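Using the numbering used here, read the sequence shown as starting at 183 and increasing by one per residue. First comes the structure, then the notes that go with it.
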Amino acid sequence: MIREIKSSQTYSKVMLFLSVLTLLFGFCFCFLGEIFLPFAVSFLAALFIFEKPKKRVLSYIVPIIPVICAVLSFGAFALITVQYIAFAAILALCYRYSRSKANCAFYLTFAISLMLIVSLYISGAMKCGSFALDAVTDYYSTYYTALKAKIIDFATNYTVTNRDGSIDKPFTKEIVAELIDGISKLAVSIIGIYGFISAGIVIKIFAFLILRYSKHGILKTFAHFLPSNAVAYIYIVLAILSALIGSTDIVDLAIINVCQIFMIVFAYMGVQYVLAIAKISGRRSTVLTFLVAGILVLNVVALQLLSFLGVWITIGTNRSLKPIDEE
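What follows is the structure in structure tokens.
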């Protein structure tokens with residue numbers, strides 16, 4: 183049923199469209215970089231879904247062509263580009279077997295984040311000429327030190343001219359160094375947030391394609407993004423712990439990094455709720471302006487408030503849906 187195409191579309195045209203776009207974005211991802219990953223994954227996943235299983239040829243041939251070309255151009259390292267096929271398979275299987283949108287987002291976030299770490303490790307190993315952990319660690323440590331020095335030099339030389347003509351330097355070496363070190367401690371959460379955002383874009387494009395071509399619309403499990411209450415409670419515990427602990431111990435850093443990832447997930451839920459209420463009230467543009475301004479001004483504080491709103495919405499929605507599911 184999920185493979186039935188709308189009567190206004192033809193099977194051959196849909197296959198041609200999805201194949202061409204998969205091939206195009208597959209080449210863009212393999213040769214130009216990560217920015218094209220969500221498009222390559224979503225179009226390939228749609229191709230997996232809509233192509234008839236007994237006549238499955240394009241799903242096998244089309245995605246592998248960019249990978250082969252990348253390997254021939256860049257060598258064995260380019261085999262890592264096969265990841266976009268794996269991500270598309272995860273998405274298609276989640277949809278095929280009616281997994282929830284939240285579960286699919288988790289699988290994709292984990293897979294994308296893991297492969298980014300693997301890619302960075304392999305890239306570092308090839309540049310330093312050794313796959314030993316110590317060698318790769320030393321390479322990135324040296325790179326980090328050099329980059330930090332350049333940023334500090336740039337920031338400390340930045341000047342602001344006041345109205346009276348005097349010149350100030352707003353950044354000191356100590357402030358910039360502390361800021362860079364603080365950001366570096368959140369490297370894991372930054373990678374995880376990147377994975378979550380990428381997964382979200384992938385699922386959005388995929389859902390659009392399903393709604394455009396599927397005769398029966400999208401599956402109910404993929405209609406809304408809704409984490410479980412267990413995840414919401416875990417985030418609350420992590421948020422409390424991260425507010426009480428320091429940031430030097432490895433366990434403390436792990437808690438803080440995981441908490442940051444969950445914060446973005448539930449902040450997204452909070453933003454969705456705020457925009458939904460704004461749409462109902464007819465003041466979407468006004469609310470969106472205040473929302474963006476609040477995030478820019480308050481930064482992490484605004485995201486935390488939105489994440490707590492997201493937790494409240496998640497728990498309340500899951501509780502209201504439970505009686506329906508039991509019926």
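The beta-carbon is built from N, C-alpha and C at its ideal position, and this holds for glycine as well. Since the model is a prediction, treat every value here as computed from it, not as a measurement.
Is it the case that the CB of residue i approaches a heavy atom of the ligand HEM more closely than 7 Å?
i: V447; result: This structure does not include the ligand HEM; it has no bound ligands of any sort.
What first and last residue would you give for the alpha helix (DSSP H) that runs through residue i?
i: A412; result: 411–426
i: L473; result: 466–480
i: S280; result: Neither: S280 is in no alpha helix (DSSP H) and is coded neither H nor E.
i: I247; result: 246–256
Could you say which of the options lies nearest to residue i if we only look at CA atoms?
i: V493; options: L426, L420, R466; result: L420
i: T338; options: N344, K351, S189; result: K351
i: S371; options: A227, L205, I299; result: I299
i: S280; options: Y266, I231, Y303, Q265; result: I231
i: I357; options: A317, I304, I333; result: I333
i: K188; options: T471, H398, F336, F221; result: H398
i: L296; options: A222, L361, I375; result: I375
i: G377; options: L302, R501, F292, F259; result: F292
i: G257; options: L229, L226, M308; result: M308
i: F207; options: K195, Y289, P220; result: P220
Reducing DSSP to helix, strand and coil, say where residue i ends up.
i: D431; result: coil
i: S312; result: coil
i: E509; result: Unreliable positioning characterises E509 in this predicted model, as indicated by a pLDDT of 42, which lies under 50. The coordinate reading is nonetheless provided below. Correct three-state label for E509: coil.
i: S396; result: strand
i: I187; result: strand
i: T204; result: helix
i: P220; result: helix
i: E360; result: helix
i: V239; result: coil
i: Y405; result: The question names Tyr, but residue 405 is Ala in the sequence shown. Looking at A405 - three-state DSSP - the assignment turns out to be coil, as it is neither helix nor strand.
i: L488; result: helix
i: A331; result: helix
i: G374; result: helix
i: I497; result: helix
i: K234; result: coil
What are the partner residues of residue i, as DSSP defines its beta bridges?
i: D350; result: V342
So, do the stretch 448–455 and the stretch 486–498 have three or more beta carbon pairs nearer to each other than 8 Å?
yes
Would you say the stretch 303–318 touches the stretch 268–280, given that touching needs at least three Cβ pairs under 8 Å?
no
Contact between the stretch 461–480 and the stretch 387–397 (3+ Cβ pairs under 8 Å):
no
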